[in-house]
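Reviewing the structure listed below.
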Amino acid sequence: NVYFAAQPDSGYMKRKSVIKATFLPLKIRKGYDVIALFRLCYFIWKYKIDIVATHSGWDGWLGAIAAKITRCKVVRTRHLQTPITNKFSYNISDKVVTDSHFVKKALKEQGVKGEKIVTIHTGVNIREFNPHVKPQLRQELKLDQEAILIGMSAVFRYAKRHDLLVEAVHKLQK
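When you read off a place in the sequence shown, starting at 1, and then add 61, the result is the number in our numbering.
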């Protein structure tokens, strides 16, 4: 079973009718919101949740503390290589999952315990996504069959540096 505790106005809550999960609208005012902490603990206890997964600042703190209070496991995920503000919520987690060795290295350098960190690379189904572009795509885009195609799939966020891809492609055109 899947459960979500999310801000009432979040994208998850807006799409909850199409997501097969049980939802707790949880207004979190700050990282140390005691009311939200008690509501989250009750939710974990009520549904007998085994693992709490957190992904960002406030939910990282509250989720980790609620998991420890209710004696369930907590897994913190980190995708970004930007500096963290505090290592506490990472170090009280049972595991910290990164999507690259670079993020793992950055977390260790910032004081997160290395034995807690596991790297799970973002997976791609190579049967569905093949590096050899099918000719139909080139025809559909009206591209020469020998044209080199370059793409990027990522959240639009400064740390992803989409601007560097645009600059590199521009330089390649010259």
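Just so it is clear, CB atoms sit at the ideal spot from N, CA and C, and this is done for glycine as well. Remember, it's a predicted structure, so these values are computed and weren't measured experimentally.
Here DSSP, grouped into helix, strand and coil, assigns LYS156 to strand.
Residue state for VAL227 is assigned as helix, using DSSP reduced to three classes.
The beta carbons of ASP155 and VAL179 sit about 10 Å from each other, so the pair does not count as a contact at 8 Å. In the structure shown, ARG139 falls within a strand segment according to DSSP collapsed to helix, strand and coil. In terms of Cβ geometry, ALA114 and THR138 form a close pair [threshold 8 Å]. The closest CA to that of LYS129, considering only HIS140, ASP111 and ARG218, is found on ASP111.
A distance of 8 Å or more separates the beta carbons of ASN152 and VAL185.
ALA97 carries a helical assignment under DSSP once its states are collapsed to helix, strand and coil.
DSSP lists THR83 as the beta-bridge partner residues of TYR64. In this structure, GLY124 is the residue among ILE211, LYS75 and GLY124 with its C-alpha nearest to the C-alpha of VAL95.
Residue environment analysis places ARG100 among the buried positions, since at least 16 neighbouring C-beta atoms fall within 10 angstroms of its C-beta.
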